[in-house]
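Scroll down for the structure; my scribbles are underneath it.
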Amino acid sequence: MGSAHELQVTGGIDTHKDTHTAAVLDSAGRLLGHRQFPTTPSGYRSLLAWLQGFGLLLRVGVEGTGVYGAGLARHLHAAGIEVVEVDRPDRKTRRWQGKSDPVDAEAAARAALSGRATGTPKHRDGQVEALRALRVARRSAISNRAEAQTQMKSLVVTAPETLRTELRGLTTRRLITHCATRRPDHSRAKDPATATLIALRSLAQRHQRLTAEIAELDALLGPLVAAINPGLVALNGVGTEVAGQLLVTAGENPERLDSEAAFAMLCGAAPLPASSGRTHRHRLNRGGDRQANAALYRIVLCRLRWDPRTRAYRDRRTTEGMSKKEIIRCLKRYIAREIYQELLTSHDAPAVA
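For the sequence shown, our numbering gives the first residue as 153, with consecutive numbering after it.
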């Protein structure tokens, strides 16, 4: 506990892959110093000790807490230091004051000191962080599998006529199985038909390996999502994939979002005012986490098909003159409110032994 007369200071960090640059300000906004530290555990300890050497450290503004600053943010959180998430300076500010690591670190400190930056970083030391890592691997596998499938179909279209006639009538599943089991003669790889068959076999086997990898990850993700928030998975239209994305978006500490309106804005589901003169309307929000927005969209589509209340809402709004896009936008906003309440309810619930 610092004394009443101890100098109160605020830190700012500009983060990079190999080094972090720190700056420290007093309560009046005067720059007390800046220094560079390596991105290692000992570097984190030295950085914190250097900041605290100037006085009572009130808070630290960190740029990039979800990327290069993740390790430092974890260290500061474990030490009981208030961490504020700072956005990168905009272009106007950069043109006015230039660009360098000390300048960016000082800007982060000033944003934290003035209260302009108030965001609380996600905690990255729990089950949600484990979920995020698994989802990164799964999303990459799905993308690569789809790319392999597209490339196979393109090769079939441009294949020599004999091979094209043999393969063009097969369904996607049969095409993959057929090509994966072929044994082309590699000594004849100069022949276009043989080379195409070799390529098709390689892509088909890659597709099968990725399918097995996705199934393995799904077997891990299902129980993990259910363990983190069983109530979320139980909601109408919310499965493992959708729930996993919304959990990652909210983070390990969803209470960092002050309100359901903040969560809706984070998901890009909060309508933005677009009024002028006598026109009063709202427009679509194209910001926020687009993966979370897509998850809300999938919930809407599911409920529009299976949920009587949602279908009744659609019919009522349609008779009032609203377009389908406007109805979906409203539904995403309502669902964001429901999701936020479930996230907080489950997070506040006591753990069951």
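Think of the CB as a built atom: it goes at the ideal place given N, C-alpha and C, for glycine as much as any other residue. Here the structure is a predicted model, which means the values were calculated and not measured.
For D256, the uninterrupted alpha helix (DSSP H) segment begins and ends at D253 to S266. Residue state for P423 is assigned as coil, using DSSP reduced to three classes. Of all alpha-carbon atoms in A263, A444 and R469, the one lying nearest the alpha-carbon of A422 is that of A444. In this structure E158 does not touch L200 by the C-beta definition: roughly 17 Å separates them, more than the 8 Å allowed.
The Cβ atoms of G221 and E215 sit closer than 8 Å to each other. Just so you know, the alpha carbons of C419 and E494 end up roughly 15 Å apart. With contacts defined as CB atoms closer than 8 Å, L286 and L372 qualify as a contacting pair. Taken through DSSP and simplified to helix, strand or coil, P382 comes out as helix.
When DSSP assignments are scanned along the region 305 to 389, the uninterrupted stretches of alpha helix (DSSP H) that are 4 or more residues long and fall wholly within it turn out to be 313 to 319, 324 to 332, 344 to 380 and 382 to 385. Between L265 and T162, the C-beta gap is smaller than 8 Å, which places the two residues in contact. Using a C-beta cut-off of 8 Å, the region 294 to 313 makes contact with the region 352 to 369, since at least three inter-stretch Cβ pairs fall below that distance. Between E393 and V280, the C-beta gap is not smaller than 8 Å, which leaves the two residues out of contact.
Under DSSP, A175 shares a beta bridge with G164 and H186. Taking C-alpha positions only, A351 is separated from R268 by approximately 55 Å. Distance check between V400 and each of A386, E412 and G278 places G278 closest, using alpha-carbon atoms only. As the crow flies, the alpha-carbon of W458 is around 31 Å from that of E407. Here I487 has L448, I451 and V452 as same chain residues with Cβ atoms under 7 Å from its own Cβ, once five neighbours each way along the sequence are excluded. Counting the other CB atoms within 10 Å of its CB gives A259 a total of 16 or more, which places it among the buried residues. Cβ neighbours of H186 within its own chain (closer than 6 Å, five residues either side excluded): A175, P254 and A257. The DSSP assignment places 193 to 204 and 222 to 230 as complete runs of the alpha helix (DSSP H) inside the region 190 to 238, in order along the chain (cut-off: 4 residues).
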